[in-house]
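Working notes for the structure below.
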Amino acid sequence: MGRAVCGAGIAALCLTTAMAVSGCASHTVSTCYPSAVHLNRPTAPAGTTLTISSGPFQCHASYPAGKRYGLVLALAGRAPVVRLGTTSVHHDGSFRAVIRLPRTAPPGTAFIEVTGSPYDKPCDDASAGALSSCASYATQFTLLPHD
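The numbering of the sequence shown is this note's numbering, which starts it at -9 and goes up by one.
Written out as structure tokens, the structure is:
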């Protein structure tokens, strides 16, 4: 009986240690994703501006001073992605940026992707049978023709 209890205790300690080393402990940013990103409107003509923002982390995570996110316009395969620049991120993970959409961007479904967050970490969903289900930090909108 004593060996079984001791073995269970060691297994629990090993699991806890493995979680902390692998980044699964609750105090790491890797298990606490940023709040969802939002745009100020669901449609926008090419050549105009959009405001993208996100609230603070919903946990105790934080970023060091000087943290920046990259912003990318993805056009759902109609054209190459367009780098829109970078934006400062607050200590609590929140940010707000005004971005200008290229005048030449083709209309249709589009995404603003945010790079530089915990969502960028590699994932291995494909090994579980999914084709490409890893989450990304992005928001969708409809890009309208230039006015």
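We put the beta carbon where it would ideally sit given N, CA and C, even for glycine.
Closest in C-alpha terms to P96, from the list R73, H136, S126, F131, comes H136.
Approximately 15 Å separates the beta-carbon atoms of I102 and L134; this is outside 8 Å, ruling out the contact. Within the region 55 to 90, complete beta strand (DSSP E) segments of at least 3 residues are found at 58 to 64, 72 to 78, 85 to 90, given in chain order. The C-alpha of P70 is placed about 21 Å away from the C-alpha of V88.
Taking a contact to require three or more Cβ pairs closer than 8 Å, the region 74 to 90 and the region 41 to 51 qualify as touching.
Of the other Cβ atoms in all chains shown, 16 or more fall within 10 Å of the Cβ of A51; this residue is therefore buried. For the 7 Å CB-CB criterion, S107 and P46 do not form a contact. If the five residues before and after G67 are omitted, its C-beta is found closer than 7 Å to no C-beta atom of its own chain. R86 and C22 have their C-alpha atoms some 19 Å from each other. Taking 7 Å as the cut-off, the Cβ atoms of T99 and T33 do not count as close. Here P24 carries a coil assignment [DSSP, helix/strand/coil].
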